[in-house]
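Protein chains in written order, with our numbering: chain C, 1 to 340; chain E, 341 to 773.
Glycine included, each C-beta is placed from N, C-alpha and C at the ideal position.
Remember, it's a predicted structure, so these values are computed and weren't measured experimentally.
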Ligand code: HDD
Ligand code: HEM
Ligand code: HEM
């Protein structure tokens, strides 16, 4: 059962990174769109992301619940040492979430739209950055567990693990991944000029993604971030990153040929490959602190809890996944049977 | 104040904020589908307009409930890591089921919001029903987790270790049913009177009476039924508390001395230092009867508990009085509505409508008061008789700033949502074209 739970943990992580990411990315694409394109982008985002908006973010809650129920040691480290960046993530989630709904459901359309729009865009940009910062803190070996170092300062314990260049690069990397996903998703739903616009931003964000990814690896390697050093010598991880790079070529072909579903699947596969690379590098030691590597498989919840959770996830998943699939299908997110 | 105090304040404030949106998110969908149903039956465009207006309300409240709920799922760990580390694996079941319920709710909401003229009419309506049912289910599940904090079960506690964990037993802890029943009713009472009051105000101001009268009727009927059931369920809750948390019962009744045939105090000013209650009305033997169903039963007083296991008395007692007082007032308002069904002339009277305007926030006040009773009454325990709150708090310093951060953020949010609602109503009053 432990592996069922672990599967759902990684599965919801993947879906949050991908679906939540596409959501954040939509705001980023809007943020960086030229003035003329913004209004149009806004409408397309509403059409494409609106119906699944809520659902995309519940993956985060599922992820969190699995962590706290089954992997309390991990959860504890995350909530104690990442208190500050997580609070900022929550701020981002809050403002972009409410701004998105306010701008579409306000009964009166007037100047306040200006504020909703900007809050949505800025929130969409800051959330993945701080998510990236938080994630980087778990793997960069800078967390100092308090019991070991009663003399360390507030800065050492609660700020320095995430507040650094490596963290910022990770944040930017995730933000550009989000934007890349969103642009690829939006191309399929647009026509004529806006299609060109999204193709262009998809291309831009692909380039940004590759460049930031490269800097991230170089920086991590030269500043002896253990995770990156292990990453670079892990053949499986390298192979999947390389494969994901190669897949950019067919992705571009599909986009040109307007095969929007195929291009979405391909972009999804690329994200899976990147995530797989990150996971396989250090499995099961996902948290690397200043003096130890902590396995996710140790100090887990008692067996009865794991079994119970596993069954809940299986049952819940078999109710939810078909519903979600149906929702996406109804609103033409994943499969278009005919052109209408 | 210490870190611990700010952590508590933050927990109380954010939960108190979330609960309002959660209740509305649970109950509004039911109003919406009733109005929608009437539209499908009568094809009266007024009902369509009302449904759409309520729908926009649901969307706005839903998102605010969702983001504050997401923040809470983090906060539970960020503020109380000591609690979550041990309790997480035990009360995981309600939370994982709740996750599933949220998901169902969000999927149904997606269908409902975007399904107009796209989905078959009946199926579309039905997805609205699912929003409500899933919302209530998630409410019940969280409250079950809270019930576990009041009545911990499903594990053995030996030498500071939690062993023999049985998640199902923890979910079905002795407090879950009474608390969930009382809470669900409370959500219906508060939201119904809240929405009814808003529409009553529009009628009072003589704006678009046709529509607001329909809205008022739908909500007040539901509210009245729930308001009558509420005190019954409250009585069950009180008997439950008497059995499982005698210190809490003593605090909420401001009952210091152990006594047979204990009197019930109504009102009263608590003097915590001298352990006296002044300016009260005492009803002889009523407390014994209400708590144990026997006029001569012995009710344990606070003085029989060790000093460091007594909850703050004054807050709990006042909060309890406020809740019960408002409960009675809401029931009376329900009676006034029932009489007005026969006495149509009342509907012409401005004061009739004013009563419901005044009652609008009362249900929510009662909910906040009720939670203060439950949570502060459980102090100093975070898990009753197992773990103290001070042992669970986060080691991160500076919770003061965190508290003020949420205070500012949520105050702005609350103001914005109120302002948005005003705009909704104003546009509702524009004549149907
Ligand atoms: C509209 C709101 C509302 C109204 C009118 C009432 N209550 Fe209440 N009460 C709640 C809303 C609430 C609540 C917010 O929902 C609580 C907090 C925790 C819970 O489960 O329900 C609660 C808790 C609560 C508790 C503590 C339960 C516990 O700690 O486990 C008792 C003893 C009562 N109530 C009793 C009553 C009585 C005798 C009422 C008589 C009229 C009453 N309540 C009206
Ligand atoms: C939404 C309604 C709720 C409100 C308004 C509320 C209110 C409060 C208040 C006033 C406190 C502070 C008590 C004190 O410091 O004296 C508190 C504490 C707490 N509540 Fe609640 N509560 C609610 C529901 C819940 C639920 C459903 C849970 C758990 C599943 C929960 C978990 C906690 C925890 C962990 C604490 C901190 C420990 C403590 O001070 O006891 N609460 N809450
Ligand atoms: C008694 C207290 C509570 C009740 C009755 C309650 C009920 C609800 C309901 C009905 C919703 C659906 C949102 C809506 O329709 O507006 C909701 C949202 C949410 N609640 Fe609460 N809740 C309570 C306390 C908590 C606590 C303590 C937590 C965290 C541990 C929490 C976590 C969440 C989350 C994560 C969501 C968002 C789900 C979504 O995206 O739809 N809630 N809550």
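Among the options, the one whose alpha carbon lies nearest that of residue i
i: residue 45 of chain C; options: C:246, C:24 and C:110; result: C:24
i: residue 650 of chain E; options: E:671, E:720 and E:668; result: E:720
i: residue 549 of chain E; options: E:647, E:376, E:386 and E:443; result: E:386
i: residue 755 of chain E; options: C:216, C:102 and C:123; result: C:102
i: residue 248 of chain C; options: C:258, C:288, C:237 and C:266; result: C:266
i: residue 767 of chain E; options: E:347, E:467, E:447 and E:551; result: E:551
i: residue 105 of chain C; options: C:312, C:183, C:189 and C:50; result: C:50
i: residue 90 of chain C; options: C:57, C:112 and C:73; result: C:57
i: residue 85 of chain C; options: C:61, C:159 and C:39; result: C:159
i: residue 353 of chain C; options: C:183, C:219, C:324 and C:234; result: This structure does not reach residue 353 of chain C, given that chain C is present from 1 up to 340, and the question cannot be answered.
i: residue 620 of chain E; options: E:634, E:605 and E:363; result: E:605
i: residue 693 of chain E; options: E:392, E:535 and E:746; result: E:535
i: residue 695 of chain E; options: E:713, E:673 and E:709; result: E:673
i: residue 347 of chain C; options: C:223, C:278 and C:257; result: Here chain C has residues from 1 to 340 only, and residue 347 of chain C is not among them.
i: residue 474 of chain E; options: E:366, E:394, E:607 and E:538; result: E:366
Chain-ordered neighbours of residue i on chain E, where CB pairs are closer than 8 Å
i: residue 1 of chain C; result: Result: empty, since nearest Cβ-Cβ is about 13 Å, beyond 8 Å.
i: residue 51 of chain C; result: 450, 451, 453 and 454
i: residue 76 of chain C; result: 417, 421, 424 and 425
i: residue 72 of chain C; result: 424, 425, 426, 428 and 429
i: residue 327 of chain C; result: 447, 450 and 451
i: residue 92 of chain C; result: Ordered by position in chain E, no residue passes the 8 Å Cβ test against residue 92 of chain C, which lies about 10 Å from the chain.
Beta-carbon proximity check, residue i vs residue j, cutoff 7 Å
i: residue 515 of chain E; j: residue 490 of chain E; result: yes
i: residue 296 of chain C; j: residue 284 of chain C; result: yes
i: residue 423 of chain E; j: residue 722 of chain E; result: yes
i: residue 208 of chain C; j: residue 176 of chain C; result: yes
i: residue 421 of chain E; j: residue 271 of chain C; result: no
i: residue 344 of chain E; j: residue 588 of chain E; result: no
i: residue 67 of chain C; j: residue 99 of chain C; result: no
i: residue 137 of chain C; j: residue 82 of chain C; result: yes
i: residue 436 of chain E; j: residue 65 of chain C; result: yes
i: residue 226 of chain C; j: residue 288 of chain C; result: yes
i: residue 55 of chain C; j: residue 558 of chain E; result: no
i: residue 189 of chain C; j: residue 48 of chain C; result: yes
i: residue 202 of chain C; j: residue 183 of chain C; result: yes
i: residue 379 of chain E; j: residue 739 of chain E; result: no
i: residue 139 of chain C; j: residue 157 of chain C; result: no
Segment limits, beta strand (DSSP E) that includes residue i
i: residue 82 of chain C; result: Unbroken run through residue 82 of chain C: none, as it is neither H nor E.
i: residue 669 of chain E; result: Run containing residue 669 of chain E: none in the beta strand (DSSP E); it sits in the alpha helix (DSSP H), 653-682.
i: residue 619 of chain E; result: 616-623
i: residue 722 of chain E; result: 721-723
i: residue 495 of chain E; result: No beta strand (DSSP E) holds residue 495 of chain E; DSSP gives it neither H nor E.
i: residue 528 of chain E; result: Here residue 528 of chain E belongs to no beta strand (DSSP E); instead the alpha helix (DSSP H) covers 516-544.
Contacts that residue i makes with chain C (C-beta to C-beta distance below 8 Å)
i: residue 406 of chain E; result: 54, 57 and 97
i: residue 726 of chain E; result: Ordered by position in chain C, no residue passes the 8 Å Cβ test against residue 726 of chain E, which lies about 16 Å from the chain.
i: residue 547 of chain E; result: Here the premise fails: no neighbours, minimum Cβ distance about 15 Å.
i: residue 719 of chain E; result: The contacting residues do not exist; residue 719 of chain E stays about 23 Å from chain C at best.
i: residue 749 of chain E; result: 91 and 94
7 Å Cβ cut-off: residues of chain C touching residue i
i: residue 433 of chain E; result: 308 and 312
i: residue 399 of chain E; result: 101 and 105
i: residue 297 of chain E; result: Outside the displayed span of chain E (341 to 773) sits residue 297 of chain E, for which this structure offers no information.
i: residue 518 of chain E; result: Correct list: empty, because the minimum Cβ distance to chain C is about 24 Å.
i: residue 506 of chain E; result: 304
i: residue 443 of chain E; result: 55, 58 and 320
i: residue 763 of chain E; result: 106, 107 and 108
Proximity test, residue i beta-carbon vs ligand 5 heavy atom, cut-off 6 Å
i: residue 264 of chain C; result: Ligands in the displayed structure: ligand 1, ligand 2 and ligand 3; ligand 5 is not one of them.
Residue i: contacting residues in chain E (beta-carbon distance under 7 Å)
i: residue 80 of chain C; result: 421, 734, 735 and 736
i: residue 301 of chain C; result: 429
Residue i: contacting residues in chain E (beta-carbon distance under 9 Å)
i: residue 141 of chain C; result: Residues of chain E passing the Cβ test: none, with the nearest at roughly 20 Å.
i: residue 294 of chain C; result: Going along chain E, no residue has its Cβ under 9 Å from residue 294 of chain C, so there is no contact; the nearest lies around 14 Å.
Boundaries (first-last residue) of the alpha helix (DSSP H) holding residue i
i: residue 444 of chain E; result: 432-454
i: residue 22 of chain C; result: 21-32
i: residue 734 of chain E; result: Element bounds for residue 734 of chain E: n/a, residue is neither H nor E.
Contacts of residue i in chain C (Cβ-Cβ under 9 Å)
i: residue 396 of chain E; result: 105, 106 and 107
i: residue 463 of chain E; result: None at all; the shortest Cβ gap to chain C is about 10 Å.
Ignoring anything shorter than 4 residues or poking outside the stretch 50-79 of chain C, list the alpha helix (DSSP H) runs there in chain order. 53-70
Going residue by residue through the stretch 551-629 of chain E, where are the continuous beta strand (DSSP E) segments of at least 3 residues, counting only ones entirely within it? 604-611 and 616-623
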